[in-house]
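Asks: Residues 16 to 146, numbered by my numbering, are exactly what the sequence shown covers, in order.
Please read through the structure below; I'll follow up with questions.
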Amino acid sequence: MDASEVTLGADRTIAGIILTLLVAAVTLGGIKSISRVAGKVVPTMAVIYVVSCLGILVNNSSEILGAIELVVVSAFTPTAATGGFFGASVMLAIQSGIARGVFSNESGLGSAPMAAAAAKTDQQLVKALSQ
């Protein structure tokens, strides 16, 4: 059971075929088609998100003060301090490792594919193999 079956009563296979055709139509249209569709879909998604969030807050308005109180009270416990310390330690270790990898040789940065995509050449295969 998935979201399309629950909300729309649609068969999973039919929903998959329709979505595949829509995605194919957009992506096969090239960058202009993708940007045109994204320019319409993304603002619509943002509005739906904000309206949904406001609706949830309005529907649960009696619980807002209790939630804020729970956050403030729970933030100053020994368990929270321990979790914050360990979380910050792990974050610092990951951040340092990634920074060393990126700064030493651009490992994982993705700059090579960006440069290759921007290159204008008649022989894409030769360009790709030379990287």
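Virtual Cβ for every residue (Gly too), placed ideally from N, Cα, C.
Under 7 Å Cβ to Cβ from Ser122, same chain only, skipping five residues before and after it: list those, please.
Replies: Gly116
Asks: For the candidate residues Tyr64, Ile33, Ser119 and Val41, whose alpha-carbon lies nearest to that of Ala53?
Replies: Val41
Asks: Would you kindly check if the distance between the Cβ of Leu72 and the Cβ of Ile79 is under 8 Å?
Replies: yes
Asks: Val62 to Lys55, Cα distance in whole Å?
Replies: 11 Å
Asks: Would DSSP call Gln110 helix, strand or coil?
Replies: helix
Asks: Residues in the same chain with beta-carbon distance under 7 Å from Ser48, minus the five sequence neighbours each way, listed in chain order, please.
Replies: Val41
Asks: Between which two residues does the alpha helix (DSSP H) holding Lys47 run?
Replies: Element bounds for Lys47: Gly45 to Asn74.
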